[in-house]
Amino acid sequence: MKPTDSLLLLTRVSATVVAILVITWALYFTTSFHPTHTLSQRDLIYSVLHPLLMVIGFILLSGEAILVHRWLPGSRKKKKWVHLWLQGLALTSGIFGIWTKFQGRDGVVANFYSLHSWLGLFCVSLFGAQWLMGFLSFWHKGEVRMTRIRVLPWHVFLGLYTYGLAVVTAETGLLEKLTFLQTKGVVLKRCNESMIVNGLGLGLAMLCGIVISTAISPKQYQTTPATKVVYSDTMCLTS
Ligand code: HEM
Numbered sequence: 001m002k003p004t005d006s007l008l009l010l011t012r013v014s015a016t017v018v019a020i021l022v023i024t025w026a027l028y029f030t031t032s033f034h035p036t037h038t039l040s041q042r043d044l045i046y047s048v049l050h051p052l053l054m055v056i057g058f059i060l061l062s063g064e065a066i067l068v069h070r071w072l073p074g075s076r077k078k079k080k081w082v083h084l085w086l087q088g089l090a091l092t093s094g095i096f097g098i099w100t101k102f103q104g105r106d107g108v109v110a111n112f113y114s115l116h117s118w119l120g121l122f123c124v125s126l127f128g129a130q131w132l133m134g135f136l137s138f139w140h141k142g143e144v145r146m147t148r149i150r151v152l153p154w155h156v157f158l159g160l161y162t163y164g165l166a167v168v169t170a171e172t173g174l175l176e177k178l179t180f181l182q183t184k185g186v187v188l189k190r191c192n193e194s195m196i197v198n199g200l201g202l203g204l205a206m207l208c209g210i211v212i213s214t215a216i217s218p219k220q221y222q223t224t225p226a227t228k229v230v231y232s233d234t235m236c237l238t239s
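1 is the number of the first residue of the sequence shown in our numbering; add one for each residue after it.
Pasting the structure below:
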């Protein structure tokens with residue numbers, strides 16, 4: 001097995017563990033999502049949807065999108081197209097995930113007190129701006145080749161930075177929620193639920209490292225007639 005294939009396998013295994021943990025938490029520990037039992041069924045659904053959309057829709061999907069060039073066979077154009085639309089889906093989940101928090105009975109202003117909410121807004125805005133730039137460059141085929149080559153390292157840097165930021169934001173969300181539940185006595189410090197949430201946080205941190213190392217690991221040196229390879233000091237760009 002090639003080193004990239006092992007890294008890809010590891011990514012899929014950790015992503016599956018993260019998905020199982022967040023689904024288990026959201027579906028089997030619903031009391032944590034309406035601790036005072038005063039929330040309506042509708043508020044409970046919005047409250048459960050937020051971590052599900054952010055972790056599975058935003059983080060896991062954008063991780064897959066980052067690695068498209070590593071796992072998807074076919075032409076470069078096809079890879080770019082799938083990369084763009086997977087990132088678009090991730091962005092839609094992120095926006096919808098934040099929107100669910102605006103639906104709570106406390107409204108928008110009541111929530112925007114935490115570092116988590118500030119980081120979340122910053123992260124999704126940056127992600128949106130990056131996606132828009134990618135979308136525009138996808139449709140500007142006539143763009144000067146050198147300009148695209150010069151911009152690519154910045155695109156890669158910003159993409160990985162935003163991905164890392166999304167994981168950090170989710171960690172602060174998990175910490176905030178669990179600390180709140182433990183302080184209110186809804187959840188014990190040592191219990192299955194605390195272990196699931198801590199495991200989820202650890203899983204996300206590990207996944208982030210694996211996705212980034214897979215993304216920056218050197219590609220196999222191979223050129224097909226349709227692929228030109230351009231070397232910079234630090235990375236190999238195909239165009
Ligand atoms: C990339 C992942 C995430 C992003 C970008 C994000 C973003 C946000 C934003 C922008 C808000 C404020 C919404 C408002 O005030 O109306 C918020 C609120 C909240 N989020 Fe997240 N979130 C993420 C993951 C999570 C996770 C995994 C949890 C775990 C349960 C979580 C729990 C909460 C809670 C409890 C609130 C309400 C309290 C507060 O505003 O801090 N979030 N989130």
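Built from N, CA and C at the ideal position, the CB exists for glycine as well.
Buried or exposed for residue i, going by 16 or more other Cβ atoms inside 10 Å?
i: Ala166; result: buried
i: Ser239; result: With a pLDDT of 36 at Ser239, under the threshold of 50, the predicted position of this residue should be treated as unreliable, and no value is reported.
i: Gly94; result: buried
i: Ser232; result: Any reading at Ser232 needs caution, since the residue's pLDDT is 44, under 50, leaving its predicted position unreliable; the model's value is listed next. Classification for Ser232: exposed.
i: Thr162; result: buried
i: Gln41; result: exposed
i: Lys77; result: exposed
i: Leu136; result: exposed
i: Phe127; result: buried
i: Ile98; result: buried
i: Val18; result: buried
i: Ala129; result: exposed
i: Leu115; result: exposed
i: Val229; result: Model confidence at Val229 stands at a pLDDT of 45, short of 50, so the residue's coordinates are unreliable and nothing is read from them.
i: Trp131; result: buried
i: Val13; result: exposed
i: Thr100; result: buried
i: Leu200; result: buried
Regarding residue i and the ligand HEM, is the C-beta to nearest heavy atom distance less than 7 Å?
i: Thr179; result: no
i: Phe58; result: yes
i: Lys78; result: no
i: Glu193; result: no
i: Phe102; result: yes
i: Thr92; result: no
i: Ser125; result: no
i: Ser114; result: yes
i: Val187; result: no
i: Leu121; result: yes
i: Val18; result: no
i: Ala65; result: no
i: Met244; result: With the chain represented from 1 up to 239, any question about residue 244 goes unanswered, as that position is not in the structure.
i: Val48; result: no
i: Val55; result: yes
i: Ile98; result: yes
i: Gly199; result: no
i: Ser117; result: yes
i: Gly128; result: no
i: Leu174; result: yes
Relative to the C-alpha of residue i, which residue among the options is closest?
i: Gly240; options: Met133, Leu174, Asp5, Val68; result: Outside the shown range of the chain (1 to 239) lies residue 240, about which nothing can therefore be said.
i: Val197; options: Ile216, Ile212, Thr172, Pro218; result: Thr172
i: Val159; options: Lys177, Leu178, Gly134; result: Rather than Val, the amino acid found at residue 159 in this sequence is Gly. That would be Gly134, whose Cα lies nearest to the Cα of Gly159.
i: Val22; options: Leu8, Gly57, Thr11; result: Gly57
i: Pro51; options: Ile216, Val156, Ser32; result: Ser32
i: Ser47; options: Gly164, Arg150, Ala26, Trp71; result: Ala26
i: Val168; options: Ala90, Phe157, Leu119, Ile210; result: Leu119
i: Leu121; options: Ala170, Trp81, Val82, Gln103; result: Ala170
i: Leu152; options: Lys80, Asp43, Thr11; result: Lys80
i: Phe29; options: Ile149, Val187, Ser213, Tyr113; result: Val187
i: Met54; options: Leu132, Cys123, Ala215; result: Cys123
i: Thr24; options: Gln87, Ser75, Leu72, Asn192; result: Asn192
i: Phe157; options: Ile212, Arg70, Leu60, Lys219; result: Ile212
i: Ile20; options: Pro3, Ser6, Thr4, Leu60; result: Leu60
i: Ala90; options: Phe112, Glu64, Trp71; result: Glu64
Let me see if you follow: with CB-CB separation under 8 Å, is residue i close to chain D or not?
i: Ser62; result: Included in the structure is just one protein chain, with no chain D present.
* To do: List in chain order: all unbroken alpha helix (DSSP H) runs of 4+ residues lying wholly within the segment 160-223.
  => 192-216
* **Residue ranges of each alpha helix (DSSP H) within the segment 65-135, 4 or longer** => For the segment 65-135, the full-length alpha helix (DSSP H) segments reaching 4 residues or more read 68-71, 76-102, 107-111 along the chain.
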